[in-house]
Structures are given as C-alpha cells and as structure tokens.
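Student: Chain order of the listed sequences is A and B. Positions 1 to 227 (my numbering) are the ones given, in order, by the first sequence. Positions 228 to 454 (my numbering) are the ones given, in order, by the second sequence. For glycine and all other residues, C-beta sits at the position ideal for the given N, C-alpha and C. Just passing along the structure, written as structure tokens.
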Amino acid sequence: MTIKAIGLSTIRSGRTILHPTDLVIEPGKRVGLVGPSGSGKSTLGHALVDRLRTQGQSVAHVPQSPDEALDPLRSMAFHWREATRAAKMASDPAKQQALFAALGIEGGNLRTRPWSWSRGMQQRFVIAMALIGTPALLVMDEPTSALDPVIAADTMDLLDSYLKNRQTALLLITHDLGLAAHRVARLMVMEDGRIVEDAPIEQILSTPKTSVAKALSAHRNWNELPC
Amino acid sequence: MAIEDVSFSLAPNQTLAVVGESGAGKSTIINAILGLVPCSSGQVTWNNAPVPHCRPALVMQEPRSAFNPRLSLRRSVMEPLVARRITVDPTRLEKLCDGLEISTDLLERRPAQISIGQAQRVGILRALIAAPPLVLFDEPLSALDAITQKHTARMIAELQRAEGFAALIVTHDLGYAATYSDQIAVLRAGRIEELTCARTFVEAPQTKYGRRLRDAAFALGALERAA
C-alpha cells in the first residue's frame with residue numbers, strides 16, 4: 001500500500017517545528033530522511049507515525065531513544081507480547097529466538113524490566129519488536145546511535161535481509177548521510193522544519209542543490225578530511 | 228570494567244585513539260590516568276611524575292550536563308583557574324574563543340541556552356584554558372551531528388597544533404580515529420589487542436576483531452574504501 005500523508009505539521013509552544021509537509025512513499029521503497037540536529041527529522045517521523053496509525057495503517061516505529069518505546073515498570077516479556085499483538089501476529093518462540101540471536105540479545109532476561117538491560121540491548125530489543133510483523137512502513141530513527149560499530153553494522157545487515165522480499169517501506173531517519181548512502185534509493189533532506197530537497201540518492205550525492213545537502217554530502221564520511 | 232596489562236606512551240603533539248566496544252574498558256583507561264580509580268598494579272606517569280601532577284584536562288561526552296546549569300558558561304570556563312588560583316593572560320581566552328568559534332556573548336549564557344555543538348566547544352575551551360600538557364577526550368563527538376562532528380574534529384586538531392598538547396581520545400568512531408590520530412589502540416575485554424599507526428590500521432588490521440571494527444566503519448559509511 002502506498003504511504004500517503006498530506007499536510008503534516010507540528011507546532012510546539014507557539015513555535016513551528018514542522019511546516020506543512022506532504023509525504024508519499026511507494027510500497028516497499030527505502031527512503032532516507034537526513035538533516036542536521038534540530039532540523040525536525042524526528043518530529044516529522046512522529047507526525048507521520050501518528051497520522052498513519054489514526055488512518056489504521058500498519059506502521060512500526062523505532063524511536064531514537066528506547067526510553068520512548070519501553071515502559072520502565074513493565075517487563076521485557078510484556079513489551080514483547082504487546083508488540084506481537086500490535087503486529088497481529090501469533091506468538092512464535094522460534095522466530096523470537098532467531099531475531100534475538102541475529103541481534104545478539106539472546107542473553108537478555110525477558111522477566112526483568114528495561115533498566116536492567118544495557119542501553120544498546122534496549123535499542124536492539126526495540127528494533128526486534130519492530131521486525132515481528134510485516135507493516136506497510138518501518139520508521140527507524142537513528143537506529144544505530146546507541147550501538148557499537150560492529151553491532152550497528154550487523155543490525156543494518158539484518159535490516160537489509162528483513163526488507164528483502166517484503167513489501168514493507170522504510171523511512172530511515174539519520175543525521176549521517178554516510179549511513180543512509182548505500183541503503184536507501186531516495187533521500188529527503190530537512191532543514192528548519194522543511195523538506196528542502198527530495199531526490200534519488202545518487203543525485204544528491206553527486207549534485208546536491210541546497211547548501212545543507214551540500215554540507216551533508218561533503219561530510220558523509222571522514223575520507224576527504226586532512227590527516 | 229577492569230583493564231589489564233594496558234601499556235602505551237604518548238608524546239606532546241601526539242594523538243592516541245582508543246577504540247573498542249562498550250564495556251571494553253575505554254573509560255576506565257581515562258579514569259585510571261586521572262587517578263579516579265586506583266591501579267592495582269602498574270603506573271601512569273608524565274615526565275616521570277604521576278600524571279595528576281601535570282594537571283591533565285578532560286572533555287566529557289555529554290557536553291551540556293558537563294556544566295553547572297545555574298552558572299554562566301564564562302564562570303564555568305574560569306572555574307579551573309579560580310580553583311587553582313592561577314591567572315592567564317586575558318588574550319588567551321580570546322585566542323581560544325577565536326579558534327573554537329565561540330562569540331563572547333555566548334559565554335554569558337547558561338548551558339540550557341545553547342546548542343549541543345556549542346556546548347561541546349565550550350567544554351573544549353574549559354579543558355584548554357589552563358594550558359594542560361595532556362587532554363583526555365571521552366567520546367567528544369558522539370552527541371554531535373555528522374556535520375558538526377567534522378567541524379569540531381578539525382578545530383581540536385588545529386588547537387592541538389597551536390598548543391602542542393598530547394591527546395588521548397576515546398571514541399567508537401573509527402573514521403574519526405583513523406583521520407585524526409597518530410596511533411590507534413584497539414581495546415577488547417580490558418586488554419589492548421592491537422596498537423598501531425592509524426594508517427596501517429585502516430589498511431591492514433592485525434587482529435580478527437580489528438578487522439571487524441574496520442569493516443564495520445566501511446559498512447556504516449564512516450569510512451569509504453579507497454577506489
């Protein structure tokens with residue numbers, strides 16, 4: 001199903017964080033949303049998820065911080081059951097085992113509460129919850145920010161194999177164009193609460209139009225910098 | 228986290244990056260150097276005297292929470308001088324502010340009133356104000372966005388060239404470590420697995436874990452393979 005959200009906007013304490021934005025994502029397409037800190041990326045992600053949920057569309061959201069996803073007073077097992085129900089899936093211990101093993105969190109005790117898990121493990125648990133079912137859209141907000149590089153790379157590989165052969169579209173939100181560069185087909189660039197550029201990734205990497213896209217592209221890795 | 232049999236040497240104007248997974252003991256190295264955790268064996272010296280005698284400085288990971296929220300940034304920056312009853316040439320503050328692109332009116336604000344990127348630059352200013360011969364950086368860029376990271380890394384390098392301090396940088400970002408340090412120490416489970424020149428490390432890591440780290444940096448787009 002095509003993801004469509006018209007006129008998303010967010011105003012907080014009288015300040016416009018997100019100017020009216022229309023968003024269309026084709027089924028199964030991978031889209032990156034990049035921009036500097038404070039440009040409104042996460043706000044757009046939240047607004048989109050809220051809109052799609054009220055429209056009754058299936059959407060899985062991995063927020064930037066696991067604190068947003070996990071209730072400190074509930075056990076991890078409770079969260080898992082809740083996510084399974086939300087994805088309209090039957091409980092499947094073998095699949096759960098496989099997901100946990102792929103993310104390297106098979107050692108986590110599900111009977112404990114979030115705070116007895118490390119930050120990185122919480123983040124991976126939230127990613128696992130998002131991958132239980134097959135939603136129309138998966139929104140991942142800085143999914144690797146709390147992870148060590150080796151684990152982060154493994155996690156992105158898992159995401160790749162999950163998306164293969166599925167009709168799930170991906171919105172990958174990150175400040176790091178290097179992370180998005182090889183993983184998305186289309187890129188949206190945000191600045192001051194607006195999408196200022198929206199084009200195929202190759203085009204933005206080779207000929208960025210706006211100054212913010214130029215800066216993101218030039219700083220997408222450390223290679224070009226003097227030693 | 229315990230560390231064992233960790234040895235390295237660092238000269239003025241030189242940078243050592245310590246990389247490795249969470250829980251490997253990266254921050255413990257910093258704490259041991261500062262004397263915040265006692266060493267059960269071995270010693271940490273600077274010019275044959277215990278390191279605390281040389282008054283090393285520390286730049287912390289979370290720039291905003293590293294400042295007293297009730298004080299103006301200027302007072303926080305001056306605190307190391309007041310505490311040690313030393314005075315510095317007022318032009319020194321000016322010179323450092325110039326190098327870090329900090330305007331003087333920024334220093335009149337409190338931590339909550341500035342961006343994280345600005346706060347980290349003020350954190351660096353506070354560390355350098357008393358001209359320490361050794362500066363320890365604990366994940367100095369991890370709270371910053373991709374563009375600000377590169378900008379800040381360059382400022383640190385330029386200040387190091389001007390001031391000549393030795394730098395020890397704990398980071399999980401191999402791209403940063405490879406670009407801006409002379410040596411890289413790969414720490415795993417409290418031991419140094421590999422200690423090599425940064426260039427050599429990127430081209431040919433000596434250990435299996437070193438290779439995984441390097442490949443993760445490629446996979447995550449922190450470094451791009453040479454064509």
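Which whole runs of the beta strand (DSSP E) in the segment 131-177 of chain A are 3 residues long or more, in chain order?
Tutor: You should have 137-141 and 169-174.
Student: Would you mind telling me which residues of chain A sit closer than 7 Å to Leu-440 of chain B, beta carbon to beta carbon, in chain order?
Tutor: Indexing the second sequence from 1 puts residue 440 of chain B at position 213. Pro-149 and Val-150, listed in chain order.
Student: Helix or strand or just coil, what does DSSP make of Ile-341 of chain B?
Tutor: The residue given as residue 341 of chain B occupies position 114 in the second sequence. Three-state DSSP puts Ile-341 of chain B in coil, outside helix and strand.
Student: Since His-280 of chain B meets chain A, which of its residues come closer than 8 Å, beta carbon to beta carbon?
Tutor: Along the second sequence, read from residue 1 onward, the residue named residue 280 of chain B stands at position 53. Residues of chain A passing the Cβ test: none, with the nearest at roughly 32 Å.
Student: State yes or no: is the C-beta of Leu-48 of chain A within less than 8 Å of the C-beta of Val-126 of chain A?
Tutor: Stepping through the first sequence from its first residue, residue 48 of chain A is reached at position 48. Stepping through the first sequence from its first residue, residue 126 of chain A is reached at position 126. Cβ distance not < 8 Å, so Leu-48 of chain A and Val-126 of chain A don't count as in contact.
Student: Verify the CB distance criterion: does Gly-391 of chain B have a CB-CB separation below 8 Å to chain A?
Tutor: Here the question's residue 391 of chain B lines up with position 164 in the second sequence. Chain A contact via Cβ: absent.
Student: Would you mind reading off the limits of the alpha helix (DSSP H) that contains Gly-181 of chain B?
Tutor: Lying before the first or after the last residue shown, residue 181 of chain B is absent from chain B, which here runs from 228 to 454.
Student: Applying a beta-carbon distance threshold of less than 9 Å, which residues of chain B neighbour Arg-12 of chain A?
Tutor: Translated into positions along the first sequence, residue 12 of chain A becomes position 12. Going along chain B, no residue has its Cβ under 9 Å from Arg-12 of chain A, so there is no contact; the nearest lies around 16 Å.
Student: Just curious, the beta strand (DSSP E) that Thr-10 of chain A is in, first and last residue?
Tutor: For the purposes of this step, residue 10 of chain A is identified with residue 10 of the first sequence, where counting begins at 1. Note, Thr-10 of chain A: beta strand (DSSP E), 3-12.
Student: From the DSSP output, in three-state form, read off Leu-422 of chain B for me.
Tutor: Here the question's residue 422 of chain B lines up with position 195 in the second sequence. Strand at Leu-422 of chain B.
Student: Go through its chain and collect everything with a Cβ distance to Asp-154 of chain A's Cβ below 6 Å, but skip five positions before and after it.
Tutor: Within the first sequence, residue 154 of chain A is the residue found at index 154, counting from 1. So no residue of the chain qualifies.
Student: For the segment 237-258 of chain B, list every residue whose C-beta sits within 7 Å of some C-beta in chain A, in sequence order.
Tutor: Cβ contacts with chain A come from Glu-248 and Ser-249.
Student: Got a sec, what are the start and stop residues for the beta strand (DSSP E) Phe-364 of chain B sits in?
Tutor: If you number the second sequence from 1, residue 364 of chain B lands on position 137. Run containing Phe-364 of chain B: 361-365, per the beta strand (DSSP E) assignment.
Student: If contact is defined by three or more beta carbon pairs under 8 Å, each pair taking one atom from either stretch, is the segment 194-207 of chain A in contact with the segment 159-175 of chain A?
Tutor: No, the segment 159-175 of chain A does not touch the segment 194-207 of chain A.
Student: Please report the distance separating the alpha-carbon of Asp-325 of chain B from that of Val-196 of chain A.
Tutor: Here the question's residue 325 of chain B lines up with position 98 in the second sequence. Here the question's residue 196 of chain A lines up with position 196 in the first sequence. Rounded to whole angstroms, Asp-325 of chain B to Val-196 of chain A spans 32 Å at the Cα level.
Student: Drop a sphere of 10 angstroms on the beta-carbon of Val-24 of chain A, count the other beta-carbons inside from all chains shown, and report buried for 16 or more, exposed for fewer.
Tutor: As a first step, residue 24 of chain A is located in the first sequence; it is residue number 24 there, counting from the start. By the 10 Å Cβ count, Val-24 of chain A comes out exposed.
Student: What does DSSP give as the partner residue(s) for Met-190 of chain A in the beta ladder?
Tutor: As a working mapping, residue 190 of chain A is identified with position 190 in the first sequence. Answer is A:Ile-195.
Student: Give me the Cα-Cα distance between Leu-131 of chain A and Tyr-162 of chain A, rounded to the nearest whole angstrom.
Tutor: Position 131 of the first sequence holds residue 131 of chain A. Position 162 of the first sequence holds residue 162 of chain A. Taking the straight line joining both Cα atoms gives about 8 Å.
Student: Which residues, in order along the segment 388-413 of chain B, keep a beta-carbon less than 8 Å from a beta-carbon of chain A?
Tutor: Residues His-399, Asp-400, Leu-401, Gly-402, Tyr-403, Ala-405, Thr-406 and Tyr-407.
Student: Using the Cβ count rule (16 or more neighbours within 10 Å means buried), how would you classify Val-309 of chain B?
Tutor: Within the second sequence, residue 309 of chain B is the residue found at index 82, counting from 1. Flag for Val-309 of chain B reads exposed.
Student: Which residues of chain A have a Cβ atom closer than 7 Å to the Cβ of Gly-326 of chain B, listed in chain order?
Tutor: Counting from one through the second sequence, the residue named residue 326 of chain B turns up at place 99. Within chain A, no residue comes near Gly-326 of chain B; the closest Cβ sits about 16 Å away, beyond 7 Å.
Student: Answer yes if the segment 390-404 of chain B comes into contact with the segment 357-374 of chain B, meaning at least three C-beta pairs across the two stretches below 8 Å, and no otherwise.
Tutor: The segment 357-374 of chain B vs the segment 390-404 of chain B: in contact.
Student: State whether the segment 287-296 of chain B contacts the segment 346-357 of chain B, with contact taken as three or more CB pairs (one from each stretch) at a distance under 8 Å.
Tutor: At 8 Å Cβ cutoff, the stretches touch.
Student: Would you mind telling me which residues of chain B sit closer than 8 Å to Ala-185 of chain A, beta carbon to beta carbon, in chain order?
Tutor: The sequence position of residue 185 of chain A within the first sequence is 185, counting from 1. Ordered by position in chain B, no residue passes the 8 Å Cβ test against Ala-185 of chain A, which lies about 16 Å from the chain.
Student: May I have the straight-line CA-CA distance separating Val-31 of chain A from Asn-240 of chain B, to the nearest angstrom?
Tutor: Position 31 of the first sequence, counted from the first residue, corresponds to residue 31 of chain A. Position 13 of the second sequence, counted from the first residue, corresponds to residue 240 of chain B. Computed Cα separation, rounded: 43 Å.
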